[in-house]
Each structure stands twice: as C-alpha cells, then as structure tokens.
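Quick notes on the structure that follows.
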Amino acid sequence: MSQTITGWLNRCPLPKLEARMLLQHCTGLTRAQLVTRGSDVLDASTLQTLDALAERRCKGEPMAYILGSREFYGRLFHVNPHVLIPRPETEHLVEAVLEYLPQGGKVWDLGTGSGAIAVTVALERPDAAVRASDISPQALNTAEHNARRLGADIEWAVGSWFEAGRPSEYHAYDIVVSNPPYIEAEDRHLHQGDLRFEPQTALTDFSDGLSCIRILAAGAGMYLKPGGMLMIEHGYDQGAAVRAIFEQNGFESVETRQDLAGLDRLTLGRIGYLSKHDE
1 MSQTITGWLN RCPLPKLEAR MLLQHCTGLT RAQLVTRGSD VLDASTLQTL
51 DALAERRCKG EPMAYILGSR EFYGRLFHVN PHVLIPRPET EHLVEAVLEY
101 LPQGGKVWDL GTGSGAIAVT VALERPDAAV RASDISPQAL NTAEHNARRL
151 GADIEWAVGS WFEAGRPSEY HAYDIVVSNP PYIEAEDRHL HQGDLRFEPQ
201 TALTDFSDGL SCIRILAAGA GMYLKPGGML MIEHGYDQGA AVRAIFEQNG
251 FESVETRQDL AGLDRLTLGR IGYLSKHDE
C-alpha cells in the first residue's frame, strides 16, 4: 500500500522528532523538505526500511546506532554497537586537554572507543602528537575510520590500558586521558535506556566502578613527563574517591570538575617532578 511522507509520519508510533530523523536518514531530505514535500509517495523499499528502523527504535535501540552516527564537539562520528555513544559530558574532558596541552605536546587517549576524544584533540590541535589505544580491535577499527573520514593524524595501538605501551615511551606524554568503564557492576542504569545496547565492557568494570581508574592512576606516572597530567572522566558520585586515588599515586593539584548539570564529571591531576614513579 502506498504511503506519503506525511502519512508515514502520522502513523509512526515514535516521537515526532525521532520519526523525522528516520525520514531524513532514509530519504536524504531536510526537515523543511519533509514539510514541503509531505505529499510525496515513499517507494516500497524506503517504506520497508523506515518501518524496520522504527521497530528497532520502539524496542529501545539507541538512535545513534540506528542512524550510525552521533555529533561530538561539532563533528559527526560514526558509531556502532562496538563503541560507546559519545556524550556531551565527555566534551568537558576534551576541553581540559586543550586547556593544558602545551604547543607540540603529546597525548595518549586510553580506551578510545569511537575515537571521539583523540580525533577531536588531533583536529583542534594539529601541532600535537596524539596516540589512541583500545583493547577492542573492533572499536579501534571504528576510531580509525572516524579519523580517516575527518582527516585526523593519530598513532593507533591495540591493548589493555598501558599494555598497549612501549618501554621507549616512558615519561614521553604531556597528558594521559581516558573515559574508562566506571559504572558499578550492580548499577540499575546498566539495564535501562541506551545502556542496555552499548558494550558492557566499555561501561562497567564489573566491580566497584573504580578498578580501571586505579589502574590508570597507578600506571600513568610511568608514561607522563615530569609535571604531566592525568585526566579521567568518572561518575557523578565518584569525585572524592577518584581524587583520593590520584593523590595515593603521587598526583598533585588534584581537582574535580563538574559538567553543565553541576555534577562531578572529571578529575585531573599533575604528576610530581619527583614521584614514586620516577626511576
């Protein structure tokens, strides 16, 4: 049975904003054109695709995975179920890196996922040397694809945290940055909304939510230059615990910053010029 654009929009059970997003994705029309060309009849193939995508969304699948992309720092990043969906809160982490990164500095983004942090830093600061790593080859492939598409020059490495490092790189970085898994294993949010569809290993450490942060804080000093900085995103209720972990590992001038909602979101600290990590 034939169906017009307006007709499909009216019968779609999704919120109108999401229904329009699907229509734009499948037809290539702008939002204004959806109105001016509302009487256009959708061909059978497009109609079938629209109905299938709407059904996926009705089952709770994130729009970012359905559409295959999400905006971050003004750029469109391709995403898939192998990577976390970039979130606005993580832009604060990028802003902190850009604030402290010296001219010609060197950055390592651990657990890069879609590459949102690494790619953004590389594009905003082409003078910098950016390295990104992830334990998941599939995630790294997604990040590399985003870098190629957006024109970012990045060194890639696969491996778990600092296992992706090389001994020659000790004390070589100005900034080590990460958005690690920080949700507690029993947190109810893992079973709600978009989180149900995102890679669990990128969301939770299957422990108290702090184990990966402990690894990062314990190992970063070996890779940071004296006076270099560690920056980590974490949960809204983890600020005090993360500051304590930083300080226990020789970091100074430790501070926690809030997101736009006023919630603790990232902690940063500077490794001492004489620390327990020095050889």
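Under UniProt numbering, the sequence shown is numbered contiguously, ending at residue 279.
In this text, a Cβ means the ideal position worked out from N, Cα and C, and glycines have one as well.
Predicted model, so just to flag it, every value in this text is computed and none were measured.
Taking its Cβ as the centre, do 16 or more other Cβ atoms sit within 10 Å of residue i, making it buried, or is it exposed?
{"i": "P62", "result": "buried"}
{"i": "H191", "result": "exposed"}
{"i": "G105", "result": "buried"}
{"i": "P180", "result": "buried"}
{"i": "G28", "result": "exposed"}
{"i": "T201", "result": "exposed"}
I need the straight-line Cα distance from residue i to residue j, nearest angstrom please.
{"i": "G165", "j": "R257", "result": "28 Å"}
{"i": "W8", "j": "A52", "result": "13 Å"}
{"i": "A240", "j": "T120", "result": "28 Å"}
{"i": "G151", "j": "L123", "result": "8 Å"}
{"i": "D43", "j": "C26", "result": "11 Å"}
{"i": "T6", "j": "C58", "result": "19 Å"}
{"i": "Q48", "j": "V83", "result": "27 Å"}
{"i": "Y273", "j": "Q33", "result": "60 Å"}
{"i": "D40", "j": "A54", "result": "19 Å"}
{"i": "S275", "j": "V130", "result": "Note that S275 has pLDDT 46, beneath the 50 cutoff, so the model's placement of it is unreliable and no number is given."}
{"i": "L195", "j": "L203", "result": "8 Å"}
{"i": "Y236", "j": "T36", "result": "44 Å"}
{"i": "H277", "j": "G221", "result": "At H277 the pLDDT is 46, less than 50, meaning the model places this residue with poor confidence; the figure from the coordinates comes in the next sentence. So the alpha carbons of these two residues sit roughly 5 Å apart."}
Spell out the partners DSSP gives residue i in its beta bridges.
{"i": "D109", "result": "A132 and V177"}
{"i": "L263", "result": "Note: L263 sits in no beta bridge, so no partner."}
{"i": "residue 309", "result": "This structure cannot settle anything about residue 309, because the visible part of the chain is limited to 1 through 279."}
{"i": "G115", "result": "BP columns for G115 are empty, so no partner."}
{"i": "V41", "result": "T4"}
{"i": "S69", "result": "H78"}
{"i": "I85", "result": "According to DSSP, which records beta bridges pairwise, I85 is partnered with nothing at all."}
Hey, would you say residue i sits closer than 9 Å to residue j, going by beta carbons?
{"i": "F246", "j": "L266", "result": "no"}
{"i": "V176", "j": "L224", "result": "yes"}
{"i": "E255", "j": "L263", "result": "no"}
{"i": "D174", "j": "V242", "result": "no"}
At least three beta-carbon pairs within less than 8 Å, the region 234–251 to the region 201–217: yes
Stretch-stretch touch, CB-based, cutoff 8 Å, three pairs: the region 182–191 with the region 58–77: no
Validate contact between the region 127–144 and the region 85–94 using beta carbons, cut 8 Å, 3 pairs: no
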